[in-house]
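For reference, the structure discussed in these notes is given below.
There are 2 protein chains.
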Amino acid sequence: MGLVTADMSVSLDLVGAGRDQSLEHPFGPDVGERFHARMFEHGEDSPDEIARIVDAGAFIMGRHMFGPDRGEWDLDWQGWWGPEPPYRGPVFVLCSRPRESVEMEGGTTFHFVTDGPGTALELARAAAGERNVSIAGGVTTLNAYLAAGLVDELRLHVAPFTLGDGLRVFDDVTGLAMVPASSRTTPHVTHLTYRRA
Amino acid sequence: MGLVTADMSVSLDLVGAGRDQSLEHPFGPDVGERFHARMFEHGEDSPDEIARIVDAGAFIMGRHMFGPDRGEWDLDWQGWWGPEPPYRGPVFVLCSRPRESVEMEGGTTFHFVTDGPGTALELARAAAGERNVSIAGGVTTLNAYLAAGLVDELRLHVAPFTLGDGLRVFDDVTGLAMVPASSRTTPHVTHLTYRRA
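Chains as they are written, first to last, in this note's numbering: chain G, -2 to 194; chain P, -2 to 194.
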């Protein structure tokens, strides 16, 4: 059985997403642009990090990572990842309304799970087999798995600026103990890896 | 002129002190013990870290780092650092009520500054000469200097557990940009150094 991993880009004050998410600004106004400008467009970190993330055999994401929640499903809308999402495997979307699975180009299939994070993890583990399950985000979903002690390897990519407001990793995650595994500093980002204690 | 440095031990969720500080529990119930047990009693980090901190030529601390604020000064009370505090140099205490300086054994003298962080830093710089000024804490004091962009080198010593509640580094520090300088992982703590941008 593989590991349950999570990669999350955060600010120095652990904000992983802004509060006002929308189709135009999935990370909230300004936040996404700053993360991308500071972390991924410098090139040095991009290929490794992305390769490690998409190497998982299955993915779990929250409702807001798939698309904005406007109440009932708009079945013409297939998420904001475009026709060929980068996952290229099964993605289990935590949500409250059932929906048929959506098969995209390039191997990504979105499955919609209404029974909560535990069920989503069971399904993802079964789909991943020996490979890892990656908690793809967002912050609220990651915090739910952290609080339940279900994340084997947490990789935080810390951008060196504060945002001050937004959804933070570890918010309401009390009493979690992990083991520091590694850290790496580049001029633009600090990569921290923690393993489950 | 030396640097303005700050060393702060924090939890994974950036809590540097509990909310209910008292004479018995200066970091708040449970918090201090956990930090010390996890970070300093393992030995490996202790001498280096402490040497680097007390190498400064002058120190700045908040009122609660000197002792609990019970309203008027109790002049028999000389802070909770004991008769021979570890600083061995001038310590400028931010406070709202004037008090005569207190000279302790071993070279530590507490000076009480009622004109705010800017004045305290001027006095500390003058006292330190070519040596560094260390922001000794607590969290509120550190955040004030971070928000003002006055910290040249911030060293966070991150214990690998969450506390969930307490005073956090970077709270209300918006728009701060720093440069990642180094990171080091031990089995018990992650040391992160950031420099002023």
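The C-beta atom is built at its ideal place from N, Cα and C for all residues, glycine as well.
Rounded to the nearest angstrom, what separates residue 192 of chain P and residue 166 of chain P at their Cα positions? Within the model, the alpha-carbon separation for residue 192 of chain P versus residue 166 of chain P is close to 16 Å.
Residues bridged to residue 100 of chain P [DSSP beta-bridge criterion]: DSSP output for residue 100 of chain P lists P:106 as bridge partner(s).
Give a yes or no on whether the minimum CB-CB distance between residue 142 of chain G and chain P is below 8 Å. Under the Cβ criterion of 8 Å, residue 142 of chain G is not counted among the residues facing chain P.
Neighbour flag for residue 5 of chain P against chain G, beta carbons, 8 Å: Not one chain G Cβ lies under 8 Å of residue 5 of chain P.
Option nearest residue 130 of chain G by Cα separation, candidates G:189, G:155, G:58, G:184: Answer by Cα proximity: G:58.
For residue 176 of chain P, decide whether its Cβ has a neighbour in chain G, counting only Cβ atoms nearer than 8 Å. With 8 Å as the cut-off, residue 176 of chain P counts as an interface residue toward chain G.
Within 8 Å of any Cβ in chain G, is that where the Cβ of residue 15 of chain P sits? Closer than 8 Å: no.
Alpha helix (DSSP H) runs contained entirely in the region 140 to 193 of chain P, provided each spans 4 or more residues: Taking only runs of at least 4 residues, no alpha helix (DSSP H) segment lies wholly in the region 140 to 193 of chain P.
Just how far apart, CA to CA, sit residue 152 of chain P and residue 142 of chain P? Separation of residue 152 of chain P and residue 142 of chain P (C-alpha to C-alpha, rounded to the nearest whole angstrom) is 14 Å.
Check the Cβ-Cβ distances between residue 181 of chain P and every residue of chain G, and say whether any is below 8 Å. Judged by the 8 Å Cβ criterion, residue 181 of chain P is in contact with chain G.
What's the gap between the Cα of residue 148 of chain G and the Cα of residue 184 of chain G? So the two alpha carbons sit approximately 28 Å from each other.
State buried or exposed for residue 41 of chain P, treating a residue as buried only when at least 16 other CB atoms are found within 10 Å of its CB. Low per-residue confidence applies at residue 41 of chain P: pLDDT is 47, beneath 50, and the placement is therefore not dependable, though the value from the model is reported in the following sentence. Answer is exposed; the Cβ neighbour count stays below 16.
Answer yes or no: does any C-beta atom of chain P fall closer than 8 Å to that of residue 112 of chain G? No, its Cβ sits nowhere closer than 8 Å to a Cβ of chain P.
Considering only their Cβ atoms, is the gap separating residue 190 of chain G from residue 178 of chain P smaller than 8 Å? When the beta-carbon positions are compared, residue 178 of chain P and residue 190 of chain G stay at least 8 Å from each other.
Only counting runs of 4 or more residues, tell me where the alpha helix (DSSP H) segments fall wholly within the region 70 to 99 of chain P, in order along the chain. Annotation note: the region 70 to 99 of chain P contains no uninterrupted alpha helix (DSSP H) run of length 4 or greater.
Give me the Cβ distance between residue 64 of chain P and residue 86 of chain P, rounded to the nearest whole Å; I'm assuming they're in contact under 8 Å. About 19 Å separates the Cβ atoms of residue 64 of chain P and residue 86 of chain P, ruling out a contact at the 8 Å cut-off.
Report the rounded CA-to-CA distance for residue 3 of chain P versus residue 53 of chain P, giving the unit in angstroms. One C-alpha to the other measures close to 10 Å.
Residue 137 of chain G to residue 164 of chain G span [Cα, whole Å]: One C-alpha to the other measures close to 7 Å.
Given that a residue counts as buried once 16 or more other Cβ atoms are within 10 Å of its Cβ, and exposed if not, what is residue -2 of chain G? Counting Cβ neighbours within 10 Å, residue -2 of chain G comes out exposed, since fewer than 16 surround it.
Secondary structure of residue -2 of chain P, DSSP reduced to three states: Per DSSP, reduced to three states, the secondary structure at residue -2 of chain P is coil, with no helix or strand assignment.
Apart from the five residues just before and just after residue 7 of chain P, which ones in its own chain have a Cβ nearer than 8 Å to its Cβ? Only 13, 153, 154, 155, 156, 165, 166 meet the Cβ criterion.
Quick one: is residue 161 of chain G near chain P, going by C-beta distance under 8 Å? Taking Cβ atoms only, chain P reaches closer than 8 Å to residue 161 of chain G, which makes this a yes.
Does any residue of chain P have a CB that is nearer than 8 Å to the CB of residue 84 of chain G? So, not an interface residue.
So with Cβ pairs under 8 Å, would you call residue 2 of chain G a contact of chain P? So, not an interface residue.
Can you give me the start and stop residues for the beta strand (DSSP E) that residue 133 of chain G sits inside? Counting along the chain, the beta strand (DSSP E) containing residue 133 of chain G begins and ends at 130 to 134.
Under 8 Å by beta carbon: chain P residues contacting residue 187 of chain G: Neighbours of residue 187 of chain G on chain P, chain order: 177, 180, 189.
Going along the chain, which residues of its own chain have a beta-carbon closer than 6 Å to the beta-carbon of residue 101 of chain G, five neighbours each way excluded? Its chain contains 82 as the residues whose beta carbon lies nearer than 6 Å to that of residue 101 of chain G, once the 5 sequence neighbours on both sides are disregarded; these appear in chain order.
Beta carbon proximity, residue 172 of chain P to chain G, threshold 8 Å: Yes, residue 172 of chain P counts as interfacial toward chain G.
Nearest-angstrom Cα distance between residue 160 of chain P and residue 169 of chain G? The straight-line gap from Cα to Cα measures roughly 9 Å.
Determine the chain B residues that contact residue 169 of chain G at a beta-carbon separation under 9 Å, and present them in chain order. Checking the listed chains, one finds no chain B in this structure; the protein chains it contains are G and P.
Alpha carbon to alpha carbon, what distance is there between residue 158 of chain G and residue 10 of chain G? Approximately 8 Å, taken between the alpha carbons.
So with CB distances below 8 Å, who are the chain G contacts of residue 9 of chain P? Chain G residues near residue 9 of chain P: 167, 173, 175, 191.
Look up residue 54 of chain G in the DSSP assignment and say whether it is helix, strand or coil. Correct three-state label for residue 54 of chain G: coil.
Can you list, in chain order, the residues of its chain whose CB lies under 7 Å from that of residue 139 of chain G, leaving out five sequence neighbours each side? Here the set comprises 3, 5, 132, 166.
Would you verify that the beta carbon of residue 158 of chain P is, or is not, closer than 8 Å to some beta carbon of chain G? Taking Cβ atoms only, chain G reaches closer than 8 Å to residue 158 of chain P, which makes this a yes.
Indicate whether at least one CB of chain G lies closer than 8 Å to the CB of residue 80 of chain P. With 8 Å as the cut-off, residue 80 of chain P does not count as an interface residue toward chain G.
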